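In terms of UniProt numbering, the sequence shown is numbered consecutively and its last residue is 354. Notes follow the structure.
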Amino acid sequence: MRSTSDMRNVVTTPAGASHRRAGFRTAVALTASAVWLLTACGSDDNGNSDDAESNPDTSENGDAEAGGPVSIDTTHGPIELDEPATRVVALEWSSAENLIALGVHPVGVADVEGYELWVAAGPELGEDVVDVGTRQEPSLEQIEALEPDLIVTDDDRSVVNLSELQDIAPTYSSDFYGHEGGQLEAMRDTFVDTAVLTGTEDRAAEVLADLDAGADEFRQALEDADGNPTFLLTQGYTFEGSATVRVFGEPTYASELLKAAGMQNGWSGETDAYGLTDTDVEGLTTADPSSSMIYVAQEEDNIFTGQLADNPIYRGLEFVEEDRVHPIDAGTWLWGGPVTAVTVYDEVQSALGL
Numbered sequence: 001m002r003s004t005s006d007m008r009n010v011v012t013t014p015a016g017a018s019h020r021r022a023g024f025r026t027a028v029a030l031t032a033s034a035v036w037l038l039t040a041c042g043s044d045d046n047g048n049s050d051d052a053e054s055n056p057d058t059s060e061n062g063d064a065e066a067g068g069p070v071s072i073d074t075t076h077g078p079i080e081l082d083e084p085a086t087r088v089v090a091l092e093w094s095s096a097e098n099l100i101a102l103g104v105h106p107v108g109v110a111d112v113e114g115y116e117l118w119v120a121a122g123p124e125l126g127e128d129v130v131d132v133g134t135r136q137e138p139s140l141e142q143i144e145a146l147e148p149d150l151i152v153t154d155d156d157r158s159v160v161n162l163s164e165l166q167d168i169a170p171t172y173s174s175d176f177y178g179h180e181g182g183q184l185e186a187m188r189d190t191f192v193d194t195a196v197l198t199g200t201e202d203r204a205a206e207v208l209a210d211l212d213a214g215a216d217e218f219r220q221a222l223e224d225a226d227g228n229p230t231f232l233l234t235q236g237y238t239f240e241g242s243a244t245v246r247v248f249g250e251p252t253y254a255s256e257l258l259k260a261a262g263m264q265n266g267w268s269g270e271t272d273a274y275g276l277t278d279t280d281v282e283g284l285t286t287a288d289p290s291s292s293m294i295y296v297a298q299e300e301d302n303i304f305t306g307q308l309a310d311n312p313i314y315r316g317l318e319f320v321e322e323d324r325v326h327p328i329d330a331g332t333w334l335w336g337g338p339v340t341a342v343t344v345y346d347e348v349q350s351a352l353g354l
């Protein structure tokens, strides 16, 4: 869990390769049906099946396409690889999720135990993945020992070690929280970049089409049920013995997801740099009372059914009195990629009875 302080990077490339990223961005912006058509038409162009048999790394990673150099531009300079990366280390859980979604199982991940707890509803890590330390202070020695051809992280983490990581391998560090288009657009851009660097653009198009379809399905279900469009998305936990409620305001990824599916955020309180507000039960009295409160809490530390259950302020909240408080799977990661996004849609739709 990212606390308020913690949770919250010259080879000449062939002309065709330098345009792969821009062309792919255009493709994923099309309608879902057009993306599927694009995917189908391009699936056999690279002779993937023969290459998968002769290249163990590519075979292990399933969707990785055979090919020559790949290149993207980033705020930390260009990243240019002689071939798509197959041995990748992920230093943020969303990075690991993205790689698995693309069929590229990371050889190393920071804080494996934490991933398996907090991203339990997401894609599973491989049994042979190596834990390379914490997300805050990954072990450079362990990372180097894995001989990665790509390291994936984000600017929130790499601000302290980017140059050291780049000394080990090309490092892709994305700006999730400072993206001018917001966190949802940052998620999509990061996913596309990761796909280009791993040669898995076709698979990425499928995943993003699933995400767009999920948003459309949610919006239609909300309209059909004439459901309450106002939400209050929270995470509950105990901090220093007190019940703490983390509210997802603007412009958090999870809030933007639900807004993209036709809902509106019932929280207008002041937020931190991540779009979050950590508050107590009194703070919930300032939320839009017409909201449906959706929450994530670990079973062993569920403040909503535990500490707050008999609290008169909590019990007096309109959405509590009217039984509009809905838990979702405790393993739903609210800072993830497109696979997590589909999980969020499924969980919230089910919780609201849509």
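Glycine included, every Cβ here is placed at the ideal spot set by N, Cα and C. Given the structure is predicted, the values throughout are model-derived calculations rather than measurements.
Contacts around residue i, its chain only, beta-carbon distance under 6 angstroms, and the 5 residues preceding and following it disregarded
i	result
I151	V89, L165, A169 and T171
A85	D149, L150, L197 and T198
G283	none
D346	none
Nearest-angstrom Cβ-Cβ length linking residue i and residue j, presumed shorter than 8 angstroms
i	j	result
S264	P289	Ser is not the amino acid found at residue 264; the sequence shown has Gln there. That belief does not hold up - the Cβ atoms of Q264 and P289 are roughly 14 angstroms apart, past 8 angstroms.
CA-to-CA distance, residue j to residue i, given in whole angstroms
i	j	result
residue 356	P123	Outside the displayed range of the chain (1 to 354) lies residue 356, so it cannot be described from this structure.
L222	S163	47 angstroms
A287	S268	7 angstroms
W93	P106	11 angstroms
residue 361	A297	Here the chain comprises residues numbered 1 to 354, so residue 361 is not present and cannot be evaluated.
L211	F176	18 angstroms
L125	E116	8 angstroms
A205	R315	45 angstroms
H179	L102	22 angstroms
residue 363	Q349	This structure gives no information on residue 363, because the portion of the chain shown stretches from 1 to 354.
E147	G249	40 angstroms
A273	P251	9 angstroms
V130	D155	22 angstroms
G68	V192	18 angstroms
Coil, strand or helix - residue i by DSSP
i	result
A90	strand
D278	strand
A186	helix
T305	coil
Y253	helix
D175	coil
T200	coil
Q298	coil
S350	helix
T75	coil
G236	strand
A15	With a pLDDT of 30 at A15, under the threshold of 50, the predicted position of this residue should be treated as unreliable, though the coordinate-derived value follows. A15: helix per DSSP, three-state reduction.
Cut-off 7 angstroms between Cβ atoms - residues of its own chain near residue i, not counting five sequence neighbours on either side
i	result
L184	Y253, E256, L257 and A260
F231	L258, M263, N265, G266, S291, S292 and I294
Chain-order list of residues whose beta-carbon lies under 8 angstroms from that of residue i (same chain, five-residue window excluded)
i	result
V281	A243, V245, L308, N311, I313 and Y314
> Which runs of the alpha helix (DSSP H) spanning at least 4 residues fall entirely within the region 94 to 160, listed in chain order?
Replying inline: 112 to 118, 140 to 145 and 155 to 158
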